[in-house]
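All letters in the sequence shown, in the order written, are residues 1099 to 1213 by my numbering.
Positions of the beta carbon are idealized from the N, C-alpha and C atoms, including for glycine.
Everything on this sheet refers to the single structure shown next.
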Amino acid sequence: MADALRRKADTLTENGFPPEKLILDPGFGFGKNISENIALFRNMDKIRDLGFGVCCGVSRKRLIRHISGGSPAELLGGSIAACILLAAKDVDIIRAHDVAETAAALRLFDALGKE
1099 MADALRRKAD TLTENGFPPE KLILDPGFGF GKNISENIAL FRNMDKIRDL GFGVCCGVSR
1159 KRLIRHISGG SPAELLGGSI AACILLAAKD VDIIRAHDVA ETAAALRLFD ALGKE
């Protein structure tokens, strides 16, 4: 995934797009199976190492439901946990459905979890 994103970023920057304005979104859930999404989580550092901003959205994704076993109505806890994991991996922008709850959890993470 990182190689594919690098190629796309290179194409954009070679055609004059300012690299400082480029934000990569690896697209959790889009055309990926559960194993590929898990690998994407585990290898987020490779995408971060490309040197561009990173945006991810995992809120309420099938991946969360698959791992947590919850119904769509019960995905809040898993969605927040996944967002905190992304924050721990220094993702710049985290998209979420449950904004207030996710923001509260991320504030706590920032206050207690990051050094």
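Taking residue i as the reference, give the member of the options with the closest Cα.
i       : options                            : result
Ile1145 : Ile1178, Lys1159, Ala1203, Phe1126 : Phe1126
Ile1191 : Leu1122, Pro1116, Asn1113          : Leu1122
Gly1176 : Thr1109, Lys1187, Val1189, His1195 : His1195
Asn1141 : Thr1109, Lys1159, Ala1198, Ala1186 : Ala1186
Gly1129 : Lys1159, Asp1147, Glu1112          : Lys1159
Ala1102 : Ala1198, Leu1138, Asn1131, Asp1188 : Leu1138
Pro1124 : Phe1207, Ala1202, Val1189, Leu1206 : Val1189
Leu1148 : Ser1133, Gly1168, Gly1167, Leu1120 : Leu1120
Here's the rule I'm using: 16 or more other beta-carbon atoms within 10 Å means buried, otherwise exposed. How should residue i be labelled?
i       : result
Leu1210 : exposed
Val1152 : buried
Pro1170 : exposed
Val1197 : exposed
Asn1135 : buried
Do residue j and residue i count as a contact pair if the criterion is CB distance below 8 Å?
i       : j       : result
Cys1181 : Leu1204 : yes
Thr1200 : Ile1165 : no
Ala1100 : Phe1150 : no
Val1156 : Leu1184 : yes
Since residue i and residue j should fall inside the 8 Å C-beta cutoff, what is the C-beta to C-beta distance between them, to a whole number of angstroms?
i       : j       : result
Cys1154 : Arg1193 : 7 Å
Pro1044 : Thr1109 : Not covered by the structure: residue 1044. The range shown for the chain is 1099 to 1213.
How far does the beta strand (DSSP E) with residue i in it extend, from its first residue to its last?
i       : result
Val1152 : 1151 to 1155
Arg1193 : 1191 to 1193
Got a sec, what are the start and stop residues for the alpha helix (DSSP H) residue i sits in?
i       : result
Arg1146 : 1142 to 1146
Phe1207 : 1197 to 1210
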